[in-house]
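Each number in my numbering comes from the position in the sequence shown (counting from 1) with 103 added on. Every residue gets a Cβ at the ideal spot worked out from N, C-alpha and C, and that includes glycine. Contents: one structure, followed by commentary.
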Amino acid sequence: MADDRTDVAKTPEIARKSLSAPDERIARTSRFTLAMRRPEAGVVVGLIATFVIFALLPGAESLYSLQGAMTFLTLSAELGILAAAVALLIIAGEFDLSIGSMIGFAGVVIGILVTILHWPLWASIGTAFLVALLVGYLNGYITVRTRLPSFIVTLASLFILRGLSIGITRAVTGRTQIPYILDNPPDPWTAALFNGHVLTGLFQWMGDKGWIGVKGDGTPFVPGIPMSIVWWVAVTALAGWVLTQTRFGNWIYAAGGDPVVARNVGVPVARVKITLFIATAAAATLLATIQVMEAGSADTVRGTLKEFEAIIAAVIGGVLLTGGYGTVLGAAFGALIFGLVQMGIFYTGIDTDWFKVFLGLVILVAVLVNNYARARALGERSGS
104 MADDRTDVAK
114 TPEIARKSLS
124 APDERIARTS
134 RFTLAMRRPE
144 AGVVVGLIAT
154 FVIFALLPGA
164 ESLYSLQGAM
174 TFLTLSAELG
184 ILAAAVALLI
194 IAGEFDLSIG
204 SMIGFAGVVI
214 GILVTILHWP
224 LWASIGTAFL
234 VALLVGYLNG
244 YITVRTRLPS
254 FIVTLASLFI
264 LRGLSIGITR
274 AVTGRTQIPY
284 ILDNPPDPWT
294 AALFNGHVLT
304 GLFQWMGDKG
314 WIGVKGDGTP
324 FVPGIPMSIV
334 WWVAVTALAG
344 WVLTQTRFGN
354 WIYAAGGDPV
364 VARNVGVPVA
374 RVKITLFIAT
384 AAAATLLATI
394 QVMEAGSADT
404 VRGTLKEFEA
414 IIAAVIGGVL
424 LTGGYGTVLG
434 AAFGALIFGL
444 VQMGIFYTGI
454 DTDWFKVFLG
464 LVILVAVLVN
474 NYARARALGE
484 RSGS
């Protein structure tokens with residue numbers, strides 16, 4: 104009886120201690136900690152470090168001038184268009200190694216239709232996008248139906264598309280380039296949509312004020328913001344919205360996280376993956392169109408190794424190669440680092456041969472950091 108009374112007497116004290124102890128379930132997490140858990144946290148830190156490093160090197164004045172900035176932003180934009188679509192596909196657990204060859208093939212389609220068949224430029228571009236839809240659909244359909252690794256399926260597509268580009272172009276023109284696309288017939292409106300500039304009036308006004316450099320005739324060295332950058336922003340915003348604000352975005356994460364469980368709860372995994380393969384082919388065609396409009400010609404070797412550069416940009420941005428984790432914004436930052444480093448090496452006089460070394464080291468470090476960050480985040484959520 105005495106022991107029972109003692110236990111009863113201790114009960115209020117134990118209860119008070121329990122109430123005063125912090126509940127781990129409602130423990131507050133600082134904003135900084137939450138920010139560092141974001142998939143793109145590492146690439147933001149890396150981007151800041153890259154800016155600082157190049158700022159301390161000779162040639163930084165040219166790199167960070169308006170002309171230099173537009174140069175590396177344009178380079179980043181062309182890669183970023185691919186990286187946005189590639190990031191979605193990798194998050195869904197698949198790869199597309201054919202996008203580099205798709206760039207060259209789409210350019211050839213546009214070039215032949217315009218210069219040989221004399222189609223309007225807009226119709227030729229539209230046809231190239233229809234071809235991209237077919238290629239992307241076939242890549243996705245074969246992958247989900249045969250359950251072969253997408254790495255193998257799209258590697259085959261890489262060789263098929265590149266071979267078709269070279270074979271068809273040589274058969275039709277006798278060479279591997281198709282020039283004078285913008286002259287047959289001229290279409291300034293369509294060309295400006297992919298190779299024009301925006302805010303030209305603002306830049307001219309700044310030139311008149313003496314705030315930016317101008318040529319001898321008074322026109323600015325930088326006439327405006329290139330359309331490639333506008334397309335990059337638009338594609339990134341659209342892809343980011345789809346991933347974070349729509350049910351389809353939830354399906355993308357589910358398909359990459361655990362496709363078996365996703366199917367069991369009603370996620371149309373096959374449809375999601377096929378749609379994303381179409382998206383990567385469309386992104387490659389968009390970039391091909393921009394390049395054709397910029398150069399006024401098509402070349403069968405365009406897009407070589409772009410598939411790996413896009414994957415690198417996505418991985419640098421925090422996308423896991425195993426799927427189910429990452430953001431489009433991170434991939435955009437990864438593309439920005441890629442462009443900044445490539446042009447930074449040029450402007451600062453560093454031997455460009457080191458650029459490939461940099462890419463190899465960065466992708467290795469990025470994969471290790473991403474795996475560590477995800478493991479830590481999952482560990483904290485599970486309470487381990």
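Compute the distance between the beta-carbons of I284 and K409, then report whether it is under 8 Å.
no
What distance in whole Å lies between the Cβ atoms of W225 and D290, which are believed to be in contact at a cut-off of 8 Å?
7 Å
Which stretch, first to last residue, makes up the alpha helix (DSSP H) that contains I269?
253 to 276
Integer Cβ distance of L443 from T153, believed to fall under 8 Å
6 Å
Could you tell me whether the segment 328 to 348 touches the segment 425 to 432, using the rule of 3 or more Cβ pairs below 8 Å?
yes
Using the Cα positions of I393 and T174, report the straight-line distance between them to the nearest angstrom.
15 Å
If I measure Cβ to Cβ from A385 and keep anything under 8 Å in the same chain, skipping five residues before and after, which residues do I get?
A188, F232, A235, L236, G239
Alpha carbon to alpha carbon, what distance is there between L296 and I281?
21 Å
Determine, using beta carbons only, whether A391 and A186 come nearer to each other than 8 Å.
no
Alpha carbon of G304 to alpha carbon of V368, nearest angstrom
53 Å
To the nearest whole angstrom, what separates the beta carbons of I419 and A340, a pair I think is in contact under 8 Å?
About 20 Å separates the two Cβ atoms, so there is no contact after all.
List the residues that DSSP assigns as beta-bridge partners of H300.
P329
Determine the burial state of E127: buried for a count of at least 16 other Cβ atoms within 10 Å of its Cβ, exposed for fewer.
The predicted model places E127 with a pLDDT of 48, which falls under 50 and marks its position as unreliable, so this point remains unresolved.
Measuring alpha carbon to alpha carbon, tell me which of G214, I193, V338, V155 ends up nearest R278.
G214
Work out the CA separation of F157 and A373 for me, nearest whole Å.
45 Å
Whose C-beta lies closer than 7 Å to the C-beta of A259 among residues of the same chain, with five residues either side of it excluded?
none
Would you list the one or two residues that DSSP bridges to A401?
I281
According to the neighbour-count rule (16 or more other Cβ atoms, all chains shown, within 10 Å of its Cβ), is P161 buried or exposed?
exposed
Residue range of the alpha helix (DSSP H) that includes K57
Shown here, the chain extends from 104 to 487; a query on residue 57 therefore has no answer.
Between the C-alpha atoms of L467 and G299, what's the straight-line distance to the nearest angstrom?
37 Å
Start-to-end residues for the alpha helix (DSSP H) that takes in F198
It is not in any alpha helix (DSSP H) - F198 carries neither H nor E in the DSSP assignment.
Option in G145, T177, Y167 with minimal Cα separation from I332
T177
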